[in-house]
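Going down the list, the protein sequences come from chains A and B. All the letters of the first sequence, read from the start, carry residue numbers 3 to 119 under this note's numbering. All the letters of the second sequence, read from the start, carry residue numbers -9 to 101 under this note's numbering. Presented below is the structure to which this report refers.
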Amino acid sequence: GAGVSQTPSNKVTEKGKYVELRCDPISGHTALYWYRQSLGQGPEFLIYFQGTGAADDSGLPNDRFFAVRPEGSVSTLKIQRTERGDSAVYLCASSSLAGGPWQETQYFGPGTRLLVL
Amino acid sequence: GNSVTQMEGPVTLSEEAFLTINCTYTATGYPSLFWYVQYPGEGLQLLLKATKADDKGSNKGFEATYRKETTSFHLEKGSVQVSDSAVYFCALTSGTYKYIFGTGTRLKVLA
């Protein structure tokens, strides 16, 4: 079946603008995660959805970042008043929650590369 | 807090050489440990995992053993190929669904 897909693959915007990044998880996966990967670094956790609700948003850096998953499938990460420091690759992952946290495998999408000028 | 430390790259090897990429961790409780690989232009892919002490994860000729006494999960392969050139990430979860990743180690294999 299809993997996790993310759109757009690249996004260039100007400082101060608003952007939306979309994630389509693997069909049937209950859990969805957003991570941010800066150049030369490993991915850093942003937010985790279980179904429609954000179960853990402790990684969101500030209130300019917001994410939704209204129907428990597709998710959108929204960034307001973008800053140059927001430039990074934004990764989405999904998992089935078939096992507990100690067994879970997350499946990652190809990412959206965001560049804020 | 929980953390993962990986050896810095890049690691450059000749084809058929032996590979070790070191990974050590700090975690509360009993973490699960993962190795992910990112090939050029592609997303992160799970390479192998281990969910309890002394477990050995293996896939595509790669192996890693969960060593609780040394808090390590080193990645090894006996004979690397050019196609193994990629960035390798060590990661853990510990009681939550949140992955903690290392900074990644770039491997370059020369023909």
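Even for Gly, the Cβ is constructed at its ideal location relative to N, Cα and C.
At least 9 Å separates the CB of residue 55 of chain A from every CB of chain B.
Within the DSSP secondary-structure output, residue 63 of chain B pairs in no beta bridge. The C-beta distance from residue 71 of chain A to residue 51 of chain A rounds to 5 Å, short enough to meet the 8 Å contact threshold. Secondary structure of residue 6 of chain A (DSSP, three-state): coil. Between residue 91 of chain A and residue 39 of chain A a beta carbon distance of about 4 Å is seen, short of the 8 Å cut, so the two are scored as contacting. Around residue 45 of chain B, the same chain offers 56 as residues with beta carbons nearer than 6 Å, after the five sequence neighbours per side are excluded.
Rounded to whole angstroms, residue 24 of chain B and residue 119 of chain A show a C-alpha spacing of 35 Å. At a beta-carbon threshold of 8 Å, the residues of chain B lying near residue 110 of chain A are 26, 33, 34, 35, ordered along the chain.
By DSSP's assignment, residue 5 of chain B forms no beta bridge with any residue. Residues of chain B with a Cβ closer than 9 Å to the Cβ of residue 93 of chain A are, in chain order, 33, 34.
In summary, residue 59 of chain B is exposed, with fewer than 16 beta-carbon neighbours lying within 10 Å of its beta-carbon over all protein chains present.
Pairing residue 74 of chain B with residue 50 of chain B, the inter-Cα distance amounts to about 10 Å. Under the three-pair Cβ rule at 8 Å, the region 80 to 98 of chain A does not count as touching the region -4 to 3 of chain B. Residues 17, 118, 119 of the same chain have their beta carbon placed closer than 8 Å to that of residue 86 of chain A, with the five preceding and five following residues left out of the count.
A Cβ-Cβ contact shorter than 9 Å links residue 84 of chain A with residue 66 of chain A.
Interface criterion not met: the Cβ of residue 67 of chain A is under 9 Å from no Cβ in chain B. Using a CB distance cut-off of 9 Å, residue 11 of chain B does not count as an interface residue toward chain A. Comparing alpha-carbon positions, the option among B:43, B:0, B:63, B:17 lying closest to residue 85 of chain B turns out to be B:17. Inter-residue distance for residue 13 of chain A and residue 115 of chain A is about 6 Å (C-alpha atoms, whole angstroms). Think of a sphere of 7 Å around the beta carbon of residue 94 of chain B: the chain A residues whose beta carbon falls inside it are 44, in chain order.
Below 8 Å, enough C-beta pairs join the region 63 to 81 of chain B and the region -1 to 12 of chain B to call them touching: three or more. Apart from sequence neighbours up to five positions away, the residues of its chain that approach residue 80 of chain A with a beta-carbon distance below 6 Å are 22, 68, ordered along the chain.
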